[in-house]
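J.: Could you have a look at this structure, given as structure tokens, before my questions?
There are 2 protein chains.
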Amino acid sequence: MLETLGINAKKAAQGLATADTDIKNRALLAIADALIKNKDYIIERNCVDLENGKNAGLNAGLLDRLMLDGERIKGIADGCISVSKLDDPCGILLDEVTRPNGLVIKKVSCPMGVIGIIFEARPNVTVDAAALCLKSGNAVILRGGKEAIESNKALMSIMQDAVQSVGLPRLSVQLVEDTSRQSSVELMKMKDYLDCLIPRGSAGLIRAVVENSTVPVIETGSGNCHIYVDESADINMAARIIFNAKTQRISVCNACESLVIHSAVIGKALPAIKAELDKKHVVIRGDERARSVCPDIEAASEADFGTEYLDYIISVKTVDSLDEAIEHINKYSTGHSESIITENEENAREFMQRIDSSSVYHNASTRFTDGGEFGLGAEIGISTQKLHARGPMGLRELTTTKYLIFGNGQIR
Amino acid sequence: MLETLGINAKKAAQGLATADTDIKNRALLAIADALIKNKDYIIERNCVDLENGKNAGLNAGLLDRLMLDGERIKGIADGCISVSKLDDPCGILLDEVTRPNGLVIKKVSCPMGVIGIIFEARPNVTVDAAALCLKSGNAVILRGGKEAIESNKALMSIMQDAVQSVGLPRLSVQLVEDTSRQSSVELMKMKDYLDCLIPRGSAGLIRAVVENSTVPVIETGSGNCHIYVDESADINMAARIIFNAKTQRISVCNACESLVIHSAVIGKALPAIKAELDKKHVVIRGDERARSVCPDIEAASEADFGTEYLDYIISVKTVDSLDEAIEHINKYSTGHSESIITENEENAREFMQRIDSSSVYHNASTRFTDGGEFGLGAEIGISTQKLHARGPMGLRELTTTKYLIFGNGQIR
Chain A
1 MLETLGINAK KAAQGLATAD TDIKNRALLA IADALIKNKD YIIERNCVDL
51 ENGKNAGLNA GLLDRLMLDG ERIKGIADGC ISVSKLDDPC GILLDEVTRP
101 NGLVIKKVSC PMGVIGIIFE ARPNVTVDAA ALCLKSGNAV ILRGGKEAIE
151 SNKALMSIMQ DAVQSVGLPR LSVQLVEDTS RQSSVELMKM KDYLDCLIPR
201 GSAGLIRAVV ENSTVPVIET GSGNCHIYVD ESADINMAAR IIFNAKTQRI
251 SVCNACESLV IHSAVIGKAL PAIKAELDKK HVVIRGDERA RSVCPDIEAA
301 SEADFGTEYL DYIISVKTVD SLDEAIEHIN KYSTGHSESI ITENEENARE
351 FMQRIDSSSV YHNASTRFTD GGEFGLGAEI GISTQKLHAR GPMGLRELTT
401 TKYLIFGNGQ IR
Chain B
413 MLETLGINAK KAAQGLATAD TDIKNRALLA IADALIKNKD YIIERNCVDL
463 ENGKNAGLNA GLLDRLMLDG ERIKGIADGC ISVSKLDDPC GILLDEVTRP
513 NGLVIKKVSC PMGVIGIIFE ARPNVTVDAA ALCLKSGNAV ILRGGKEAIE
563 SNKALMSIMQ DAVQSVGLPR LSVQLVEDTS RQSSVELMKM KDYLDCLIPR
613 GSAGLIRAVV ENSTVPVIET GSGNCHIYVD ESADINMAAR IIFNAKTQRI
663 SVCNACESLV IHSAVIGKAL PAIKAELDKK HVVIRGDERA RSVCPDIEAA
713 SEADFGTEYL DYIISVKTVD SLDEAIEHIN KYSTGHSESI ITENEENARE
763 FMQRIDSSSV YHNASTRFTD GGEFGLGAEI GISTQKLHAR GPMGLRELTT
813 TKYLIFGNGQ IR
């Protein structure tokens, strides 16, 4: 039954494709306004989700992600206002060439058309994602988790009213109300209606989408991020950066999960790093050489090096060269974010060139891989694939391009 | 057993990622040279394919595509020399920003890593595709059709020798020698080794890849291209352009397959167009109104409007407005190339904005959608999807990007 949503979305997309920046911004401001005005209703519907969640035995963390209060709704509304202030990513002339035969060929940015987004329990994603799709001129079909369905339905009807109120197609934003596994699979096969599908959530969700979708997918999020402490590292800087990258927020994809340390400095570096990590009781799992330096850390298995803990745990691998470090990281990383700590510019250059990840740092925390931190203004996700977008994705990554060719009768 | 090729390719890709432009160009010139030197051997192996093809009952067209002679081999070698002269698409600084915290963030182009290409009977693709992948710093795994396997094996060993002779990894270019359906499916699932998969060939092949691949795919090629003759068209120009777009080469994806004609001019336009198309005995299949103008044309069924004939056949749909034309085209086109013939600039603008295709023309033949004609210097295919690349793809489209972030101890 999702086909109806597809048909609606394709029709709405045609209206959006010619919508000017002003009307799109007015839609975003109308949504922000309506969210605030209807906050009691949103909270009421959210309470139903919370009640159902408690009955279903959701843990405190999940219930917290699910919860909407006045402040959070204000935050979501402010997000829409911010997006309205960003530059319109559509209609940008990217290239222009006049061919010897007189054809003028222009490459311009334009909306993709219809974007599908599959996500989990956070109802704020419903509005954030819709706002970014609207601003980039795309119709969107959102498929959130069943835990947030009542909140999502409320948010969706408020957004649809607001979008319609400024004169844009009401069904520019739509929600899949059926939260069965079936509906999710059906969405992944809607190649005739969706131009792109973006999964946001757990590694399991993302894998399921990549494996089952016939719609082109942008793979996001999973991050087994490494920091390499080079032979020439400033050890104090290394310890400070690692403490930040591991502990500032453990549940995020750009948190550091694994250290690689040069054998020439591990004797000095690991105790200093451990002293920092001990402040937050981080469990360290090291290889044999790491344990010979700090005997009280746990033993790392091979599986540890490939694990994204999202927890107060970190693995340590000892290497004898920059080459070995690069090889280890390219083997185990998910291509998200990696950092080298070194005072040696040549080693930094080599590391940055050879590490096969979306974002490669020299002397900084991996935690900066984020649309806001990169100055994109907003973020729809962090791509770990190489097609279309890589790293934090903003509005520009929600557009495609089109060639416009102007002739006066040219034939070949 | 394709896993070995995957492992080899990933290793070769690491060597290629740091290869400078000069060595990549020398590899291309060495390939060109080796092809000429070994042309007798190539022709000998090609004869085996031709013999097998005749025995298997391949038609004359397929046998012609399969055939290599001295002149064709020279053409393939010249292609490698041309690619060596193109700008290196890697290492280009695309964006640079210094953030308030002092982080310097650079976005640079870089190779994707490993590209898979699945194609059919033309052995020239083996070298063309390998040359483009090499120049863009990518390792490539080629999987050609069984009809060309002996030619492909010969071309591959010649290329591997040449690549190795300049000091690049020998296995930068590899061929899947098993041409069973199985090997093709296996390649589509090699997500751990392939960064991108490009199918080149029939609509059936492309569909199979899109439906089965877990590797990100760039969909190429299928083109149900339309030309719309507007109310304000220059009828002579329309007839000339349509004759060219339909008949200059019927078997290609940018050939015109369907006409959409405004009812206000069909009485004058269709006879003029028909007079041109009759010169090459093109079968015209029209709707009722078209047939009332030219009673001797065939009747078009609904299926005709969705058919990419690749033959001397064209369909005609009559519409009463620009809106109706746009709606019809967006419904039936494959998103490849469409053209409007009109003297009305406003109609042209609206058509070009609202038509949802990779390349939209005003007063020119759809046959120009081509890497060479667009000035890209070379072409790996024409993307009809919206992710990553849309329209003709050159070297730039075989690269991805990477963020390099330079800090001095920044933490979040």
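Heads up: the protein sequence lines correspond to chains A and B, in order. Going by the working numbering, the first sequence runs without a break in its numbering and finishes at 412. Going by the working numbering, the second sequence runs without a break in its numbering and finishes at 824. For glycine and all other residues, C-beta sits at the position ideal for the given N, C-alpha and C. As the structure is a prediction and not an experimental result, all values here were calculated from the model.
1. Between A/Gly167, A/Gly113, A/Glu211 and A/Glu327, which lies nearest to A/Ile31 when the distance is taken from Cα to Cα?
2. Cα separation between A/Ile117 and A/Ala13?
3. What does DSSP give as the partner residue(s) for A/Leu63 in the beta ladder?
4. Would the beta-carbon of B/Met649 fall within 9 Å of that of B/Asn775?
5. Which residues, in order along the region 752-784 of chain B, keep a beta-carbon less than 7 Å from a beta-carbon of chain A?
6. Rounded to the nearest angstrom, how far is the Cβ of B/Ala489 from that of B/Ile435, given a contact under 8 Å?
7. Under 9 Å between the Cβ atoms of B/Ala560 and B/Ala790?
8. Which chain B residues sit within Cβ distance under 9 Å of A/Gly391?
9. Buried or exposed: B/Val460, going by 16 or more other Cβ atoms within 10 Å of its Cβ?
10. So which residues on chain B does A/Thr18 lean against when the C-beta distance must stay under 9 Å?
11. Using a Cβ-Cβ distance under 9 Å, would B/Pro628 count as near chain A?
12. According to DSSP, simplified to helix, strand and coil, what is A/Ala264?
13. 9 Å is my cut-off, CB to CB: does A/Gly407 come that close to chain B?
14. Tell me, please, whether the region 640-654 of chain B touches the region 700-708 of chain B by the rule of three or more beta-carbon pairs shorter than 8 Å.
15. Give me the subset of the region 490-516 of chain B whose CB atoms are less than 8 Å from a CB atom of chain A, sorted by chain position.
16. In chain order, what residues of the same chain have a beta carbon less than 6 Å from the beta carbon of B/Leu734, not counting five sequence neighbours either side?
17. At a Cβ threshold of 9 Å, is A/Ile273 touching chain B?
18. Have a look at B/Cys502, B/Ser596, B/Glu463 and B/Arg612 and flag the residue whose alpha-carbon is nearest the alpha-carbon of B/Asn830.
19. Put A/Thr98 into one of helix, strand or coil per three-state DSSP.
20. Counting Cβ pairs, one atom from each stretch, are 3 or more of them under 8 Å apart for the region 762-782 of chain B and the region 646-662 of chain B?
21. Which chain A residues are close to B/Arg652, counting only those with a beta carbon under 9 Å from its beta carbon?
22. How about B/Cys668 and B/Ala657: do their beta carbons lie closer than 9 Å?
23. Report the residues of the region 113-139 of chain A with a CB closer than 8 Å to any CB of chain B, ordered along the chain.
24. Counting along the chain, where does the alpha helix (DSSP H) carrying A/Glu302 start and finish?
25. Round the Cβ separation of B/Glu755 and B/Ser644 to the nearest angstrom and send it over; I've been treating them as touching at under 8 Å.
26. Return the residue from the list A/Asp95, A/Pro89, A/Ile42 and A/Ile92 that minimises the CA-CA distance to A/Gly70.
27. Check for me: the alpha helix (DSSP H) holding A/Ala364 runs from which residue to which?
28. Cutting at 8 Å between CB atoms, please list the residues of its own chain near A/Lys268, excluding the five before and the five after it.
29. Can you give me the Cβ contacts of B/Ser795 inside the same chain, cut-off strictly under 7 Å, excluding the 5 residues immediately before and after it?
30. So is B/Ile419 buried or exposed if we call it buried at 16+ other beta carbons inside 10 Å?
31. Looking only at DSSP bridge pairs, what is B/Cys502 linked to?
32. Going along the chain, which unbroken runs of the beta strand (DSSP E) with 3 or more residues stay wholly within the region 544-568 of chain B?
33. Consider the Cβ of A/Leu175: report whether some Cβ of chain B lies at a distance smaller than 9 Å.
34. Mark A/Glu345 as exposed unless 16 or more other C-beta atoms lie within 10 angstroms of its C-beta, in which case mark it buried.
35. Anything in chain A within Cβ reach of B/Asn656, meaning under 8 Å, just list it in chain order.
36. Among B/Gln797, B/Val585 and B/Glu562, which residue has its Cα nearest to the Cα of B/Asp573?
T.: Reading off the structure:
1. A/Gly167
2. 15 Å
3. Paired residues: none, contrary to the question.
4. yes
5. Met764, Gln765, Arg766, Asp768, Ser770, Ser771, Val772, Tyr773, His774, Asn775, Ala776, Ser777, Arg779 and Phe780
6. So it is not a contact: roughly 19 Å between Cβ atoms.
7. no
8. Lys519, Thr813, Lys814 and Tyr815
9. exposed
10. Glu762, Gln765 and Arg766
11. yes
12. coil
13. yes
14. no
15. Val509, Arg511 and Leu515
16. Asn759
17. no
18. Here chain B has residues from 413 to 824 only, and residue 830 of chain B is not among them.
19. strand
20. yes
21. Gly409 and Ile411
22. yes
23. Gly113
24. Glu302 to Phe305
25. 5 Å
26. A/Ile42
27. Looking at the DSSP string, A/Ala364 is not in any alpha helix (DSSP H); the run it does join, the beta strand (DSSP E), is Ser359 to Ala364.
28. Ile235
29. Ile630, Glu631, Thr632, Ser770, Ala801, Arg802, Gly803 and Met805
30. exposed
31. According to DSSP, B/Cys502 bridges with nothing at all.
32. 551-555
33. no
34. exposed
35. Ile411 and Arg412
36. B/Val585
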